[in-house]
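Protein chains in written order, with the numbering used here: chain A, 1 to 114; chain B, 115 to 229.
Built from N, CA and C at the ideal position, the CB exists for glycine as well.
All remarks here apply to the structure that follows.
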């Protein structure tokens with residue numbers, strides 16, 4: 001079955017430090033890849049997406065992600081984390097191989113130390 | 115653009131009653147709407163997919179008679195939790211999709227508490 005793996009349940013970084021959140025997907029020759037952020041009690045906000053083209057995509061709030069087909073990965077990065085980035089981050093994969101639905105990873109909770 | 119609203123944002127109801135949650139796409143027409151359920155500290159679980167004017171397609175294990183979904187127009191879908199029980203307490207999130215872009219726009223969620 002199609003699956004999305006976010007291996008880190010929690011990550012804690014210091015404010016100003018760099019961040020990388022990992023995401024691997026199990027299936028799909030042409031996946032559509034997304035990163036969403038969720039603050040407590042809120043819905044999901046799209047940070048960035050990859051459909052095709054340049055494998056390094058820029059998103060909102062200073063985030064970027066790189067698609068690596070050989071590693072089936074779509075890791076999210078930010079060079080300098082701000083305290084307001086503390087939230088839960090979800091990687092999602094869609095596309096025809098996923099039945100036109102989005103399959104979500106388990107999420108990574110980001111804590112930011114001041 | 116691409117704003118999705120949900121109403122109510124939170125609701126408390128008594129066991130045995132029914133609750134209706136509305137999901138609206140405010141500035142676009144949604145060909146498909148999705149309903150998710152999210153338990154505390156867990157990811158989103160897709161409950162069903164609905165297309166305007168068609169019956170919803172439910173995921174395996176989701177009770178169709180308990181979670182009634184209506185997608186009467188291109189901007190409105192409703193989820194009715196019938197005969198709610200405490201185990202139905204959860205965070206329900208809807209999303210809307212346009213065409214075959216695979217991108218979904220999410221609502222802010224509805225917190226349901228059944229007492």
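Compare the C-beta of residue i with all C-beta atoms of chain A and state if any pair is closer than 8 Å.
| i | result |
| --- | --- |
| residue 222/B | yes |
| residue 157/B | yes |
What residues of chain A sit near residue i, judged by a beta carbon separation below 7 Å?
| i | result |
| --- | --- |
| residue 217/B | 49 |
Do residue j and residue i have their beta-carbon atoms positioned less than 8 Å apart in this structure?
| i | j | result |
| --- | --- | --- |
| residue 194/B | residue 118/B | no |
| residue 116/B | residue 206/B | no |
| residue 161/B | residue 152/B | no |
| residue 81/A | residue 15/A | yes |
| residue 24/A | residue 55/A | no |
| residue 142/B | residue 163/B | no |
| residue 49/A | residue 217/B | yes |
| residue 87/A | residue 18/A | no |
| residue 157/B | residue 90/A | yes |
| residue 112/A | residue 13/A | yes |
| residue 170/B | residue 212/B | no |
| residue 225/B | residue 189/B | no |
| residue 154/B | residue 43/A | no |
| residue 11/A | residue 110/A | yes |
| residue 53/A | residue 35/A | no |
| residue 22/A | residue 73/A | yes |
| residue 68/A | residue 47/A | no |
| residue 51/A | residue 32/A | yes |
| residue 129/B | residue 229/B | yes |
Residue i touches chain B at which residues, Cβ-Cβ below 8 Å?
| i | result |
| --- | --- |
| residue 110/A | Result: empty, since nearest Cβ-Cβ is about 14 Å, beyond 8 Å. |
Using a Cβ cut-off of 7 Å, pull out every chain B residue sitting near residue i, in sequence order please.
| i | result |
| --- | --- |
| residue 71/A | Neighbours of residue 71/A on chain B: none; closest Cβ ~21 Å, over 7 Å. |
| residue 101/A | 160, 163 |
| residue 95/A | 216 |
| residue 16/A | Near residue 16/A there are no residues of chain B at all, since even the closest Cβ is about 27 Å away, more than 7 Å. |
Does the CB of residue i have a neighbour CB from chain B at under 8 Å?
| i | result |
| --- | --- |
| residue 90/A | yes |
| residue 104/A | yes |
| residue 53/A | no |
| residue 32/A | yes |
| residue 59/A | no |
| residue 28/A | no |
| residue 62/A | no |
I'd like to confirm the pairing. Which residues does DSSP put opposite residue i in its beta bridges?
| i | result |
| --- | --- |
| residue 25/A | 4/A |
| residue 45/A | 37/A |
| residue 104/A | 92/A |
| residue 97/A | In the DSSP output, where bridge partners are listed per residue, residue 97/A has none listed. |
| residue 124/B | 225/B |
| residue 216/B | For residue 216/B, which the question treats as bridged, DSSP gives no partner whatsoever. |
| residue 66/A | 56/A, 75/A |
| residue 147/B | 164/B, 210/B |
| residue 134/B | 194/B |
| residue 12/A | 111/A |
| residue 87/A | 110/A |
| residue 19/A | 78/A |
I want to verify the contact list: residues of chain A whose CB lies under 8 Å from the CB of residue i, in sequence order.
| i | result |
| --- | --- |
| residue 207/B | 43, 44 |
Assuming residue i and residue j make a contact with CB atoms under 8 Å, what is their CB distance in whole Å?
| i | j | result |
| --- | --- | --- |
| residue 30/A | residue 95/A | 6 Å |
| residue 135/B | residue 192/B | 7 Å |
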